[in-house]
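>
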Amino acid sequence: MQYRSFNDFKTSILGFGCMRFPIDEKGNIDEEKTFNMLDKALENGVNYYDTAYPYHNKNSELVLGRWLQTIDRDSVYVASKSPVWLINNIQEFDEMLNKQLERLQVDHLDFYLLHALNAERFNKLCDMGLFEHLADVKASGKISHIGFSFHDDYEVFEKIIKHYPWDFCQIQYNYMDINYQAGDKGYELAKKMHIPMVIMEPIRGGMLANVPSEIKELFNSYDDNSPASWALRWVMAHDNVMCVLSGMSNMDQVVDNLHTANLDLNLTDRQEKIYKEARALFNKRIQVNCTGCRYCMPCPFGVDIPDNFKVYNEGFIYDLKDKNKKEYQFIDESHRSNVCQKCGACITKCPQHIDIPHMLEMITNTYQD
Ligand code: SF4
Ligand code: SF4
């Protein structure tokens, strides 16, 4: 395992994202499998575990808390996030933090983030006077480092990062998203300001793990590491990155990611060129820029928005248009794109700014006879 030292902490370059734990037939987190994966990560040097209040229908913090009881809590960094959309005043912020500490069965969080900040949420927090309050929260010992995770345009990122002396921040970043949201510009700004970054969506919600054959061949022309490994390595190679989060769902992914975290992270010129070529090949194929984050859900009319986008994208990415017509039929009728009433409720919730009703209409036209 490789580590990054910043200020008073030293984090493993690979972090465990606790939002995609394995689930059982009933849809609950499979705790035995999850604990095995967490144990494996810990045994191999992963010391950063990232959860959040809403993950897994609010069960992620509880499960992680139970796992923490089985290990030396002080051997790891625990990160969670304040669900700022549910918070309307300082008292609610404090109550939520206390509740999260209780759920995680810890007396402090090493890293605490204001979750998924955008312009609207940031303005609300400013009006609440939250930033004046954060020093007191840190002084109480309940939070060691304060940061924010982010989904909005670069201009908003710049405003937020310059507003407060953050200990760290978290952005979506991968070899496809260099000009998206904070992107390269956001990375460079944080580096200049000496604010280390945690990276989320390094594999773009799994999209960069299942790449089309021409991209896989391109990677294999250099080495036999997996496409997911190529995606992670690109992010890990950035020196202002303190930790790259991967939402691991099975042991194979844990093993593959641990392998990546041991690779040489100094990219050669040829590797850099391969990433550029892969980006160009991908861009030709993706139709909808959806990461599967599900922030747009639920739709009041029942459309499963990310599921429809996934089927549609995969049809183009893998040249499976006919097969995917069948996959589309597998989506429950009540969740298909044609159920969309164009009410617009989902549009502002999408951090990728997708014109969701328009894209759903295109999907309906593609698949409905
Ligand atoms: S625009 Fe369509 S998909 Fe979006 S919330 Fe309304 S009905 Fe649902
Ligand atoms: S449409 Fe937007 S909000 Fe919904 S899952 Fe995709 S990226 Fe996330």
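The opening residue of the sequence shown carries number 0 in numbering that gives the first Met the number 0; numbering runs sequentially from there. Virtual Cβ for every residue (Gly too), placed ideally from N, Cα, C.
For a test of your reading of the model: does the CB of Phe-308 fall under 7 Å from any non-hydrogen atom of ligand 2? Yes or no.
yes
> Closer than 7 Å: is that where the CB of Pro-356 sits relative to any heavy atom of ligand 1?
yes
> Would you report the Cα separation of Asp-126 and Glu-91, rounded to the nearest angstrom?
Each residue's CA atom was taken as its position, placing Asp-126 and Glu-91 some 14 Å apart.
> Looking at Met-199: is its Cβ nearer than 8 Å to the Cβ of Gln-169?
With respect to Gln-169, Met-199 sits close: the two C-beta atoms are nearer than 8 Å.
> Are there any heavy atoms of ligand 1 lying less than 7 Å away from the beta-carbon of Phe-300, as far as the coordinates show?
yes
> Locate the alpha helix (DSSP H) running through Met-235, then write down its first and last residues.
226-235
> Which value, in whole angstroms, describes the spacing of the CA atoms of Leu-266 and Thr-10?
21 Å
> In its own chain, which residues sit with a C-beta less than 6 Å from the C-beta of Phe-121, not counting the 5 before and 5 after it?
Cβ-Cβ distances below 6 Å link Phe-121 to Ile-159 in the same chain, with the five nearest sequence neighbours on each side left out; the list follows chain order.
> So, with DSSP's three-state summary, where would you put Ser-79?
strand
> With burial defined as no fewer than 16 other Cβ atoms inside 10 Å of the residue's Cβ, what is the status of Glu-24: buried or exposed?
exposed
> Considering Gln-68, what are the terminal residues of the alpha helix (DSSP H) in which it resides?
Counting along the chain, Gln-68 falls outside any alpha helix (DSSP H), and DSSP gives it neither H nor E.
> Bridge partners of His-144, per DSSP?
Phe-110
> I want to check one thing, is the minimum distance from the CB of Arg-293 to the heavy atoms of ligand 2 below 7 Å?
Yes, since a heavy atom of ligand 2 falls inside the 7 Å radius drawn around the Cβ of Arg-293.
> Taking the beta carbon of Gly-343 as the centre, do at least 16 other beta carbons fall within 10 Å, making it buried, or is it exposed?
exposed
> Per DSSP, which one or two residues make a beta bridge with Gln-252?
None; Gln-252 has no bridge partner.
> What's the gap between the Cα of Glu-131 and the Cα of Asn-6?
23 Å
> Using CA coordinates, which residue listed in Val-253, Gly-291, Asn-224 is at the minimum distance from Gln-270?
Asn-224
> Regarding Ile-304 and ligand 1, is the C-beta to nearest heavy atom distance less than 7 Å?
yes
> Using a threshold of 8 Å, state whether the C-beta atoms of Leu-108 and Ser-74 are closer than that.
no
> How many Å lie between Asn-307 and His-352 at the Cα?
C-alpha separation (whole angstroms): 16 Å.
> Indicate, with yes or no, if ligand 1 has a heavy atom lying under 7 Å from the CB of Leu-359.
Result yes, Cβ under 7 Å from ligand 1.
> Tell me whether the segment 327-342 and the segment 281-291 touch, counting them as touching only if at least three CB pairs, one residue from each stretch, are closer than 8 Å.
no
> Cβ of Lys-348 within 7 Å of any heavy atom in ligand 2?
At a threshold of 7 Å, Lys-348 counts as near ligand 2, since its beta carbon sits closer than that to one of the ligand's heavy atoms.
> Using 8 Å for Cβ pairs, my map puts Arg-65 next to Val-105. What's the rounded Cβ distance?
Rounded, the Cβ-Cβ distance is 12 Å, inconsistent with contact.
> So the candidates are Gly-140, Tyr-54, Ala-134; which of them puts its Cα closest to the Cα of Ala-115?
Tyr-54
> Between the C-alpha atoms of Asn-282 and Met-206, what's the straight-line distance to the nearest angstrom?
Asn-282 and Met-206: Cα-Cα distance of roughly 12 Å.
> Is Gly-415 helix, strand or coil when you go by DSSP?
The question about residue 415 has no answer, for the chain in this structure spans 0 to 368.
> Starting from the Cα of Trp-229, find the closest Cα among Met-247, Asn-209, Gly-16, Ala-134 and give me that residue.
Asn-209
> Taking Cβ positions, are Arg-102 and Leu-67 nearer each other than 8 Å?
no
> Going by the CB atoms, is the gap between Phe-147 and Ala-181 shorter than 8 Å?
no
> Do you know whose CA, among Ser-220, Leu-231, Glu-276, Thr-33, lies nearest Leu-264's CA?
Leu-231
> Output needed for Pro-21: all residues of its chain with C-beta closer than 7 Å, excluding positions within five of it in sequence on either side, in chain order.
So the list reads Asp-29, Lys-32, Thr-33, Ser-248, Asn-249, once near-sequence residues are dropped.
> What residues in its chain sit with their C-beta under 7 Å from that of Gln-99, if we drop five residues either side in the sequence?
Tyr-52, Glu-60, Ser-79
> What first and last residue would you give for the alpha helix (DSSP H) that runs through Gly-182?
182-191
> Taking 7 Å as the cut-off, is the CB of Ile-202 close to at least one heavy atom of ligand 2?
No, ligand 2 has no heavy atom inside 7 Å of this Cβ.
> Candidates Asp-303, Cys-298, Lys-215: which alpha carbon is nearest Glu-276's?
Lys-215
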